[in-house]
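Notes follow the structure.
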Amino acid sequence: MAGLYFEEFEEGQVFEHAISRTVTEMDNVLFSTLTMNPQPLHLDEEFAKQTEFGQRLVNSLFTLGLVIGISGGETTFGTTVANLGMSDVRFPKPVFHGDTLRARTIVKSKRRSQSRKDAGIVEFEHQGINQRGETVAICRRAGLMKCRAT
């Protein structure tokens, strides 16, 4: 599915993304080890059993990447010039192996680029939601989006 052009986004627009994904133990272990993150809360079941969570947590950066990835098909695939930055990243609830995540995207603002006539800046708020309806991740992301007409 192709993403949208700058002109096609409207402030306040909400996308309830159709794709969802169940997070596996393999996702968590591979992501944590590939990114050189030896945090025992992600990798050591016996350690994690002794914490307030009672089990391993999914690496929050994997969660963030998954939520933004789920959003791409309906918003930015093929129409993004560049990601300009992320801010206000939060993880209000933990993610565990076996949780199924879906995503919601809200267009917070948009404006023409000062430096490029062929692009505009769209600020998205991405939200990750688990199968219990709990918000597990929130992130604001600014994308430099192609314009359909210049």
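Numbered continuously in numbering that gives the first Met the number 0, the sequence shown closes out at residue 149. Every residue, glycine too, gets a C-beta built ideally from N, C-alpha and C.
Please report the straight-line C-alpha distance between M35 and A148, rounded to a whole angstrom. Position 36 of the sequence shown, counted from the start, is the residue given in the question as residue 35. Position 149 of the sequence shown, counted from the start, is the residue given in the question as residue 148. Rounded to the nearest angstrom, the two C-alpha atoms are 43 Å apart.
Quick check: the Cα distance between R111 and T75, rounded to an integer number of angstroms? As a first step, residue 111 is located in the sequence shown; it is residue number 112 there, counting from the start. As a first step, residue 75 is located in the sequence shown; it is residue number 76 there, counting from the start. Rounded to the nearest whole angstrom, the CA to CA distance from R111 to T75 is 16 Å.
Looking at the structure shown, is E124 part of a helix, part of a strand, or coil, going by DSSP? Residue 124 sits at position 125 when you count from the first residue of the sequence shown. Note: E124 maps to strand in three-state DSSP.
Check the DSSP bridge columns for F14 and list the partner residues they point to. For the purposes of this step, residue 14 is taken as residue 15 along the sequence shown, with counting starting at 1. Its beta-bridge partners are T104.
Under DSSP, the alpha helix (DSSP H) around A47 begins and ends at which residues? Residue 47 sits at position 48 when you count from the first residue of the sequence shown. Run containing A47: 44-48, per the alpha helix (DSSP H) assignment.
Taking the straight line between their C-alpha atoms, what separation do you get for F95 and K145? Your numbering for residue 95 matches position 96 in the sequence shown. Your numbering for residue 145 matches position 146 in the sequence shown. Whole-angstrom Cα-Cα distance: 37 Å.
Would you check whether the ligand ADP has a heavy atom nearer than 8 Å to the C-beta of M144? Of the ligands one can find in the structure shown there are none, so the ligand ADP has no counterpart to examine.
E15 and K107 closer than 9 Å at C-beta: Locating residue 15 in the sequence shown gives position 16, counting from the first residue. Locating residue 107 in the sequence shown gives position 108, counting from the first residue. Taking 9 Å as the Cβ cut-off, E15 and K107 do not qualify as a contacting pair.
Go ahead and label D151 buried or exposed: buried means 16 or more other beta carbons lie within 10 angstroms of its beta carbon, across all protein chains shown. The question about residue 151 has no answer here: the residues shown for the chain are numbered 0 through 149.
As assigned by DSSP and simplified to three states, the class of N129: Translated into positions along the sequence shown, residue 129 becomes position 130. Coil, per DSSP.
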